[in-house]
Each structure stands twice: as structure tokens, then as C-alpha cells.
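In this note's numbering, the protein residues as written are 4 to 99.
In what follows, a structure is listed as C-alpha cells, so that the remarks can point back to it.
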Amino acid sequence: MQPHAERSKPTGVTVLSRALEAKGAEVPPEGARFILDLGLREEDKKRMLDLLARQQQGGIPDEEREELESYIQADNLLSILKAKALLALKKAGQEP
């Protein structure tokens with residue numbers, strides 16, 4: 004019997020990233036451009052930066068740490084989607 008490998012709990016970002024890989028289809032150019040235009044709202048960016056700064060200055064309560072983690076996960080997901088969109092445009096021979 005093999006020992007069970009320690010597995011970390013998957014995040015929404017990792018699960019969605021795997022779902023996108025499983026789909027296997029290329030993003031059409033118009034879809035890729037739509038994805039590239041996505042981004043966090045200004046108020047969300049400001050809140051995330053505020054939480055990051057306060058975390059670095061001495062910590063934040065658990066509730067705010069969870070909120071910060073949600074912002075980071077959303078930003079990571081957007082980065083993954085945008086990378087896939089750029090690759091799709093490149094494969095289609097188009098500029099972003």
C-alpha cells in the first residue's frame with residue numbers, strides 16, 4: 004500500500020484553471036480581446052493595496068486576511084485568463 008501524498012486544498016483559481024485546460028478549445032480572437040479588457044475595479048484595487056500594505060506593516064485580522072486572499076485569487080485568475088487569451092491571439096496570428 005502506498006502512502007497518501009499530502010495534497011493541499013485546491014482554490015477556486017486552480018479548479019477553474021484545470022477546467023479551462025480540460026476544455027482544450029482555443030479562445031476565439033474576439034473572446035480573447037474581451038478577456039484582455041477585463042480587470043479589477045479601481046475600488047477593488049485600492050482595497051487590495053490597502054490590505055497588502057497593512058498586512059506588511061504588522062498584520063491584519065483573519066477576516067481581512069481572507070478578504071485579501073480573495074482579491075489575490077481573483078487577480079491570479081485574471082492573469083491566467085489573460086495569458087491564455089494572449090496565446091490564443093498569437094496562435095491566430097493576431098496582435099492583442
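Virtual Cβ for every residue (Gly too), placed ideally from N, Cα, C.
Terminal residues of the continuous alpha helix (DSSP H) containing residue i?
| i | result |
| --- | --- |
| S11 | From DSSP, S11 is part of no alpha helix (DSSP H); its letter is neither H nor E. |
| I83 | D65 to K94 |
| E33 | P32 to L39 |
| L101 | Outside the shown range of the chain, which is 4 to 99, sits residue 101, and nothing can be said about it. |
Could you give the distance in angstroms between the alpha-carbon of residue i and the alpha-carbon of residue j?
| i | j | result |
| --- | --- | --- |
| R44 | Q58 | 21 angstroms |
| M4 | G15 | At M4, the pLDDT of 46 sits below 50, so the modelled position is not reliable and the matter cannot be decided from this model. |
| K87 | S11 | 25 angstroms |
| P64 | V18 | 27 angstroms |
| L39 | P13 | 25 angstroms |
| S20 | K85 | 12 angstroms |
| E98 | L89 | 8 angstroms |
| L114 | L52 | Outside the displayed range of the chain (4 to 99) lies residue 114, so it cannot be described from this structure. |
Is the beta carbon of residue i sitting closer than 8 angstroms to the one on residue j?
| i | j | result |
| --- | --- | --- |
| E66 | L54 | no |
| A35 | A91 | yes |
| E33 | K94 | no |
Contact between the segment 69 to 76 and the segment 37 to 56 (3+ Cβ pairs under 8 angstroms): Contact holds: three or more Cβ-Cβ distances are below 8 angstroms.
When you compare the segment 80 to 88 with the segment 59 to 70, are there three or more beta-carbon pairs, one atom per stretch, that lie closer than 8 angstroms? Touching, no.
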